[in-house]
Amino acid sequence: MSKDIHTGFDETQYPHINRGLDGIVAFSTTKSFIDGQKGELIYAGYNIDTLAENATFEEVCFLLWNDRLPNAKELETLKADLIRERNLPEVVLNYLTGTDKDAEPMAVLQSAVSMLADFDPTKGAYDSNLFMSQAISLTAKIPVIIAAFDRYRNGKEIVAPLSDGSTAKNFLYMLNGVEPGSQAEKTMDLCLILHAEHGMNASTFTARTICATMSDMYSSITGAIGALKGPLHGGANTAVMNTLLELETQGEDADAVAFTKDKLAKKEKIMGFGHRVYKVFDPRGRHLQKMSKGLSEETGHEEFYEWSMDMLNTMKSEKNIDPNVDFFSATVYYSIGIQPDLYTCIFTMSRISGWTGHYMEQAANNRLIRPRALYVGEKNLDWVPVEQR
Ligand code: SDX
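Residues in the sequence shown are numbered consecutively from 123, following the working numbering.
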């Protein structure tokens with residue numbers, strides 16, 4: 123007999139509550155398909171492996187916004203549009219370089235994205251003729267926001283965006299102040315492809331729920347950023363890296379197997395493992411694992427990959443749980459010099475493409491999203507004056 127942990131309520135006596143909306147199908151979509159048993163992920167018709175091997179992030183953006191790949195002219199136009207939109211209103215830049223240097227990057231990103239609405243000439247009007255330009259502007263500006271705040275908080279000069287180049291190249295350039303090599307750009311671009319879209323995850327559901335009220339895209343994305351920030355969702359990759367860095371402080375005594383078993387014994391969740399849908403290895407994780415292995419060796423941090431494999435094998439043997447997309451992305455980002463508390467911002471830089479694709483899909487066939495709740499409290503109590511309570 124299943125009981126709701128919050129009320130000890132016997133749910134079998136009443137309409138069944140799918141906790142966490144587990145298994146509930148809320149929409150039809152053409153943006154992605156996930157087979158959690160097979161470990162298959164498809165973005166608008168294309169298998170993630172096909173996209174990982176052949177696409178660029180800009181092509182994936184176009185795919186998620188138009189349900190087809192761009193032709194050469196369309197791709198050039200999109201790249202030019204993204205480059206043109208790589209600027210920030212002065213007020214936003216002043217916020218980024220005036221706020222608390224110890225502020226949490228995802229909180230800063232959320233505030234800055236929300237401010238962008240003030241400077242959109244249409245004020246984020248809910249108008250399907252404007253959604254694409256809003257999506258392009260957000261996709262172009264988010265990397266600029268992240269890099270500008272990181273430079274400021276590290277006491278470095280803000281680096282203006284490039285007037286050419288990919289989103290991946292431009293981000294690494296603005297973050298580090300030097301143009302990345304082709305391998306680093308390709309690694310970043312692949313990470314952006316792998317994190318772009320993933321069906322009805324918590325942040326995408328949030329984005330669609332806000333869109334469904336006919337609220338503007340900036341509000342929808344601001345809400346989605348708040349959802350992605352949580353450690354059970356996009357915040358896990360930062361926690362994964364912090365675990366590996368903690369192990370590093372233990373020197374010769376570092377034991378990833380013991381760490382994992384100890385957390386499990388305490389019934390604590392190990393970040394970077396498990397998934398509501400995948401019951402096998404996350405297909406995105408395989409690409410990230412390959413990058414993690416190569417980059418950890420390249421940067422002399424083989425131990426990070428070895429500890430990761432110890433954790434992976436222990437989780438598999440003890441709980442039959444596989445890693446998710448957040449697990450190996452942590453060491454990949456670390457290897458290309460990105461600070462752990464920026465990892466979820468990078469997730470945002472990618473998932474903005476999926477979120478805005480879903481926003482446009484929701485708006486095209488909208489109905490207010492409003493589920494029910496089972497009331498389990500008292501009813502029609504007599505009033506007791508305060509002096510008698
Ligand atoms: C992302 O939805 C998406 O698509 C998300 C995402 C995307 O691209 O948008 O794929 C990105 O968010 C990946 C997930 C990142 N989060 C983490 O790595 C946090 C750690 N993972 C867990 O919190 C958990 O696996 C969830 C939240 C991801 C899924 O949780 P569920 O579906 O609610 O599963 P559950 O918590 O009910 O766990 C089922 C069982 C439990 O064991 P029992 O109590 O039945 O014995 O599995 C165990 C859990 O204890 N379990 C874990 C575990 N994940 C599940 N045990 C230890 N460590 C874990 N990580």
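Cβ coordinates follow ideal geometry from the N, Cα and C atoms, glycine included.
Between the options, which has its C-alpha nearest residue i's C-alpha?
i	options	result
Glu483	Phe149, His138, Asp203	Phe149
Pro199	Gly459, Ile164, Ser288	Note on residue identity: the sequence assigns Thr, not Pro, to residue 199. The option with the nearest alpha carbon to Thr199 is Ser288.
Lys103	Glu207, Asp272, Thr328	Absent from the model: residue 103. The displayed extent of the chain is 123 to 511, so no value can be given.
Pro227	Gln461, Glu500, Arg492	Gln461
Ser430	Ile156, Ala177, Asp448	Asp448
Ile146	Met322, Lys278, Asp189	Met322
Leu354	Ala380, Thr421, Thr382, Asn446	Asn446
Thr326	Gly356, Ala306, Lys308, Glu279	Gly356
Asn90	Asp171, Thr261, Lys245	Residue coverage of the chain in this structure runs from 123 to 511, which leaves residue 90 outside it and unanswerable.
Asn359	Ile468, Asp224, Gly246, Leu496	Ile468
Thr244	Ala234, Ser259, Leu386	Ser259
Ala378	Glu428, Arg408, Thr331	Glu428
Tyr217	Gly167, Tyr274, Ala202, Tyr248	Tyr274
Asp189	Lys201, Thr178, Tyr168	Tyr168
Leu312	Ile139, Lys223, Ile458, Ala380	Ile458
For the alpha helix (DSSP H) containing residue i, list its first residue and its last residue.
i	result
Tyr340	339–350
Asn298	289–298
Phe179	179–188
His409	405–420
Phe149	That residue, Phe149, is in no alpha helix (DSSP H); it is neither H nor E in DSSP.
Thr371	358–371
Thr326	324–334
Arg206	194–206
Ala318	Unbroken run through Ala318: none, as it is neither H nor E.
According to DSSP, is residue i helix, strand or coil?
i	result
Asp432	helix
Ser154	strand
Glu162	strand
Phe395	strand
Tyr274	helix
Pro211	coil
Tyr168	strand
Pro445	strand
Ala269	helix
Asp286	coil
Glu175	helix
Val281	coil
Asp377	coil
Ala262	helix
Lys385	helix
Leu312	helix
Gly303	coil
Glu390	coil
Met123	Bear in mind that the predicted position of Met123 carries a pLDDT of just 45, short of 50, making it too unreliable to give a figure here.
Arg141	helix
Val402	coil
Practice prompt. Would you mind listing the beta strand (DSSP E) stretches within the stretch 216–253 that are 3+ residues and don't spill past its ends, in chain order?
Written response: none
Item to complete: Output the residue ranges of the beta strand (DSSP E) runs that lie fully inside the stretch 449–505 and measure 3 residues or longer, sorted by chain position.
Response: none
Worksheet item: Between the stretch 465–485 and the stretch 251–265, do at least 3 Cβ pairs fall closer than 8 Å?
Response: yes
Worksheet item: Touching or not, the stretch 237–245 and the stretch 275–295, by the rule of three or more beta carbon pairs under 8 Å?
Response: no
Discussion item. Check whether the stretch 333–343 and the stretch 464–479 are in contact - that is, three or more C-beta pairs closer than 8 Å.
Written reply: yes
Worksheet item: How about the stretch 358–366 and the stretch 290–300: do they share at least three Cβ pairs that are nearer than 8 Å?
Response: no
Worksheet item: Is the stretch 395–415 close to the stretch 152–164, with three or more CB pairs under 8 Å?
Response: yes
Worksheet item: Does the stretch 265–282 touch the stretch 449–469, meaning 3 or more C-beta pairs lie closer than 8 Å?
Response: yes
Discussion item. I want to know whether the stretch 218–234 touches the stretch 343–363 - three or more CB-CB distances under 8 Å.
Written reply: yes
Worksheet item: When the Cβ atoms of the stretch 317–332 are set against those of the stretch 172–187, are three or more pairs found closer than 8 Å?
Response: yes
Practice prompt. Could you tell me whether the stretch 412–421 touches the stretch 371–391, using the rule of 3 or more Cβ pairs below 8 Å?
Written response: no
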